[in-house]
Amino acid sequence: MSNQPSTQYEVRGAVAVVTLTNPPVNGLGHALRVGIVEGLDRALADPKVSALVITGTDRAFSGGADVREFGTPKSGWEPNLGNVIKAIEGSSKPVVAAIAGVALGGGLELALGAHFRVAKADAQLGLPEVKLGLLPGAGGTQRLPRLVGLETALNMIVSGAPVPAAKFAGTPLLDAIIDGDLVDGAVKFAEKVVADKAPLKRVRDLKVKQPNAEAFLQFARNTVGAVSKNFPAPLKCVEAVAASVGGSFDQGLKTERDLFLGLMQTPESRALRHIFQAERAASKISDVPEDTPVREIKSVGIIGAGTMGGGIAMSFINAGIPVVLLEAKQEALDKGLATIRKNYESSLKKGKITQAKLDERLALITPTLSYDGFKNVDLAIEAVFESIEVKETVFKTLDEVMKPGAILASNTSALNLDQIAAFTKRPQDVIGLHFFSPANVMRLLEVVRGAKTGKDVLATSMQLAKKIKKIAVVSGVCDGFIGNRIVARYGAAANEALNAGASPQQIDKALEKFGLAMGIYRMGDLAGLDIGYAGRKRRKEANPDAYIPIVADRLAEAGRFGQKTGAGFYKYEAGKRDPIPDPAVDQMITDFRKERGITPRKVSDEEIVERAIFAMVNEGARILEEGIAQRASDIDIVYLNGYGFPAHRGGPMLYADQVGLPNVIRALKRFAAEPGSDAKFWTPAPLLVKLAEEGKSFN
Ligand code: 3HC
Ligand code: NAI
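Residues 0 to 698 in numbering that gives the first Met the number 0 are what the sequence shown lists, from first letter to last.
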């Protein structure tokens, strides 16, 4: 953090200018709040000053309350944001807010406390608190409706979406759009206000104008309630805005404050605030400084145009980066290209892209059967069959043809990246870029760091991920990396519940009620049960004694591969995706239990969720201990973005924190002690025990 003061004060003629300078985005932390009040008091005390301009930087007037300050103890004299705004609004000298960049959350609320607002046309104004599970808590729900009406204010507050300043030209929200230098324009505006002896416009004194306000609010409650499942904040936003109608301004402020403080305590808000910070933390690598030089990636070669290669190619061309797409056979190449075209045509039909855009994107692909086109690409991503022999041939060829300084990446899901790197004479240039299917849609990218991967290669990959709109998480090398390694435990835990007596339907329903996008068996049927079965078969052949059969083996052996064969854990009507419980599966499960000497018992939904989620948490702790993941929040990001973990839970590790680590340990011990259970599987990871003993949490 910089040691620069958070505000600067200067006087231009008879106008004082307070500039907010708290990088990166003028978060309204303690020092900045104090600086604003001091600037105001200085201007009020100076007889030569007749007006005040408050402004920020080109990037941000202010990004709002300092999210790093949430939940920290308050220090010393504490002007809270509400009081800072009250002081500005109460100023006897005119105050003009001059806005460039973003004015978000508390930043916009600060501007609403000023008597006048001027802005650059492209400044972004918004109240995004709802995205953090909150509502505007410094007067936004009371002042914005007074300026723009109930409907516009509610839309902005409930959606959290920013609006360009130009849209408010000519409304009471914005007094002038400034072309040219913002501060010069704002000072001139202030001088005119003084010269005209214009009355100070205090928003608190206005009334909300909305015919049939109550009917409109009732409509808003109904619509917002219907779409805000699992999240309390949107309805509370409506409640707070409703308080701006009729009653006194101060009463409205009090209602807003109470609702804000209530939301701050909810697990949903904690989860969303955690996600905001976790997403930004994920791009940081402790031993790779932020100023590490990166390599320029102007073109990409992709090997394999199958399920993954095609989606990866789309991710790059969507970002305008040209791709050379290589296949082993013309037929496979044609098929891959046809799938890509079909995907874009479906977007075209839905109106998501234009024909011109479609043509432009497809023109960025150079299909090929030869590595000649790889001589000049800056990055190659291999997405061929998951076979170490095939990967060996590909990487040896890449090593021969690619220019020095190019990056060689593998999309392998489970093979050892260090082994792959050793096929080349440049292991420092080799990295894992593990995309998730469908790669053009899924946001997650696991960046797999090999033992010899260069720091600049890592930094380049993290930057590139942002460019192609992915959220990248660094993983060390291990079987399954972060995501698939943990998901294997989740699957095993669900299997235990199935063996013990739960049905696939009950397990799926319990997990979906918890918030997962899809229960594990519905997910298995969608992905195809043959994939997991092939892996288990390989492991069984390699090590028959260690192999423990599961029900899914029986289904796959019976040709029930899931949706694609019309039957898996459920059955499916032709052409439909709705899962139908199947008595044949119940019989297979009953037979399986009998063979293994298991007497089924009643398993509660709560136990199902505890087993599945705590098994993930326990493996997450091991992954942290081993240094495979850098931080617990990275594991959360993987699960939220790659596996449909519900945002309102904040990820498995934050969920464990919220439940309390000692409670997680108690449940694990209970499962370990159950007769016939795999005690090793359920033994709490040492890191989990250590944190619990120290009274700490993962995040
Ligand atoms: N406080 C402190 N730091 C903030 C911040 C904030 N409000 N908003 C963003 N930052 C930090 C980020 O953590 C990041 O830090 P890093 O460089 O160390 O990783 C840096 O600013 C840049 O952020 P982004 O990577 O997100 O950069 P972008 O340029 O893509 O976006 C932004 C900038 C539009 C400001 C975006 O960060 C954003 O939307 N921020 C959140 C805004 C928000 O939710 N404000 C409301 C806060 S709650 C509030 O105001 C309560 C009040 O009503 C009482
Ligand atoms: P796929 O079978 O759909 O596609 C592989 C493609 O590679 C085929 O089109 C094949 O013709 C081509 N190919 C094979 N050998 C080649 C060679 N020597 N040269 C050029 N092309 C060759 O497989 P999929 O699913 O796309 O998987 C590819 C890789 O991505 C695997 O390593 C897999 O583990 C990994 N992966 C798969 C995910 C998935 O959900 N399918 C998710 C993440 C990673």
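Yeah, the Cβ is synthetic: ideal placement off N, Cα and C, and Gly gets one too.
Run of the alpha helix (DSSP H) containing residue i, from where it starts to where it stops
i: residue 632; result: 631 to 641
i: residue 611; result: 604 to 624
i: residue 711; result: Residue 711 is absent from the model: the chain starts at 0 and stops at 698.
i: residue 656; result: 651 to 658
i: residue 212; result: 212 to 226
i: residue 192; result: 181 to 195
i: residue 147; result: 139 to 147
Assigned secondary structure, residue i (DSSP; H/G/I helix, E/B strand, else coil)
i: residue 162; result: strand
i: residue 275; result: helix
i: residue 18; result: strand
i: residue 168; result: strand
i: residue 458; result: helix
i: residue 679; result: helix
i: residue 702; result: Residue 702 cannot be examined here, being either before or after the span of the chain that is shown, 0 to 698.
i: residue 414; result: coil
i: residue 440; result: coil
i: residue 173; result: strand
i: residue 692; result: helix
i: residue 445; result: strand
i: residue 700; result: Since the first residue shown for the chain is 0 and the last is 698, residue 700 is missing from the structure and cannot be characterised.
i: residue 96; result: strand
i: residue 1; result: Note that residue 1 scores a pLDDT of 47, beneath 50, so its modelled location is shaky; the value from the coordinates is reported in the next line. Coil.
i: residue 280; result: helix
i: residue 548; result: coil
i: residue 135; result: coil
i: residue 198; result: coil
i: residue 661; result: helix
i: residue 265; result: coil
i: residue 259; result: helix
i: residue 342; result: helix
i: residue 697; result: coil
i: residue 540; result: helix
i: residue 154; result: helix
Bounding residues of the beta strand (DSSP E) (the contiguous stretch that carries residue i)
i: residue 116; result: 115 to 118
i: residue 6; result: 6 to 11
i: residue 429; result: 429 to 434
Any non-hydrogen atom of the ligand NAP closer than 8 angstroms to residue i Cβ
i: residue 505; result: Annotation note on the ligand NAP: not contained in the displayed structure, which lists the ligand 3HC and the ligand NAI as its ligands.
Closest Cα partner of residue i within the set the options
i: residue 134; options: 54, 268, 99 and 220; result: 268
i: residue 628; options: 483, 556, 551 and 224; result: 483
i: residue 185; options: 149, 128 and 99; result: 99
i: residue 460; options: 367, 295 and 414; result: 295
i: residue 365; options: 421, 386, 349 and 300; result: 300
i: residue 8; options: 656, 644 and 37; result: 37
i: residue 404; options: 358, 455, 696 and 370; result: 455
i: residue 506; options: 514, 498 and 518; result: 518
i: residue 284; options: 49, 695, 446 and 5; result: 446
i: residue 497; options: 549, 313, 675 and 230; result: 549
i: residue 624; options: 477, 558, 541 and 265; result: 477
i: residue 343; options: 331, 328 and 359; result: 359
i: residue 276; options: 451, 438, 67 and 211; result: 67
i: residue 44; options: 152, 374, 191 and 10; result: 10
i: residue 298; options: 407, 589 and 689; result: 407
i: residue 369; options: 494, 639, 139 and 327; result: 327
i: residue 146; options: 168, 226 and 101; result: 168
i: residue 325; options: 282, 314 and 393; result: 393
Sheet register partners of residue i (DSSP bridge)
i: residue 123; result: 101 and 163
i: residue 628; result: 474
For this session: Identify every run of the alpha helix (DSSP H) within the segment 471 to 534, keeping only runs that are complete inside it and at least 4 residues long; order them along the chain.
Result: Taken in chain order, the unbroken stretches of alpha helix (DSSP H) that lie wholly in the segment 471 to 534 and span 4 residues or more are 480 to 499, 503 to 513 and 519 to 526.
Problem set entry | Completely contained alpha helix (DSSP H) runs for the segment 21 to 85, where each covers 4 or more residues | Taking 4 residues as the shortest admissible run, the segment 21 to 85 contains the following complete alpha helix (DSSP H) segments, listed from N- to C-terminal end: 29 to 44.
Exercise. Where in the segment 285 to 323 do unbroken runs of the beta strand (DSSP E), each at least 3 residues long, occur, reported from the N-terminal end onward?
Worked result: For the segment 285 to 323, whole beta strand (DSSP E) runs of length 3 or above, ordered along the chain, are 299 to 302.
For this session: Return the chain-ordered ranges of every alpha helix (DSSP H) run that is complete within the segment 351 to 411 and spans a minimum of 4 residues.
Result: The DSSP assignment places complete alpha helix (DSSP H) segments of no fewer than 4 residues inside the segment 351 to 411 at 354 to 361 and 387 to 400, in order along the chain.
For this session: Could you tell me which uninterrupted alpha helix (DSSP H) segments, each at least 4 residues in length, are contained entirely in the segment 562 to 605, listed from first to last along the chain?
Result: Entirely contained in the segment 562 to 605, the alpha helix (DSSP H) runs reaching 4 residues are, in chain order, 582 to 594.
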